[in-house]
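Trainee: Take the sequence shown: its position 109, counted from the start at 1, is 123 in the numbering used here, and no numbers get skipped. Can you keep this structure in mind? I'll have questions shortly.
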Amino acid sequence: MDVCACTGQTPSGGESGIEGIITISPARPGPIRADEPASVPLPNATFGVENNNGEVASFTTDDQGRFRASLAPGHYKVSLKGRKSSIGRFGPFEVDVVSGKMTNVQWECDSGMR
């Protein structure tokens, strides 16, 4: 798995945080064909990670929609940064991080296309 650029708190002991893939669906307007995937990876998208104190980290997905972010244990909300449109849904996604474990997630964004 490729490591994406990310910033944030570095936990003590074993690494904890989130890793996974973010996809977007529908990938094309109109009906989905049987030979086409319903969703595709969301490449090169920057997401912010917030807790009750505000933004604590950010990460950018790679060209396959994968990411990894080291975080201290706690509850977080993850949303796409710099959105200019109200069309679609790109979070917030909620996640709980436990000590010494990378929490694996698979999140799907809604492109807003129909």
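Where a beta carbon is used, it is the ideal one built from N, C-alpha and C, also for glycine.
(1) Tell whether a beta-carbon distance below 8 Å holds between P51 and D76.
(2) Pop quiz: V92 and V63 are said to be a contact at Cβ under 8 Å. What is the actual Cβ separation, rounded to whole angstroms?
(3) Specify the secondary structure class of T117 as computed by DSSP and reduced to three states.
(4) Is I32 near V119, with beta carbons less than 8 Å apart?
(5) Taking the alpha-carbon of G88 as reference, which of D110, K95 and G102 has the nearest alpha-carbon?
(6) Should R128 go down as buried or exposed, given a rule of 16 or more other Cβ atoms within 10 Å for buried?
(7) Between the Cα of L94 and those of N66, R80, P40 and S72, spot the shortest distance and give me the residue it belongs to.
(8) Which partner residues of D124 appear in the DSSP bridge assignment?
(9) Starting from A83 and walking both ways along the beta strand (DSSP E), at which residues does that stretch end?
Mentor: In terms of the structure at hand:
(1) no
(2) 5 Å
(3) strand
(4) yes
(5) D110
(6) With fewer than 16 other Cβ atoms within 10 Å, it is exposed.
(7) S72
(8) S39 and R103
(9) R80 to S84
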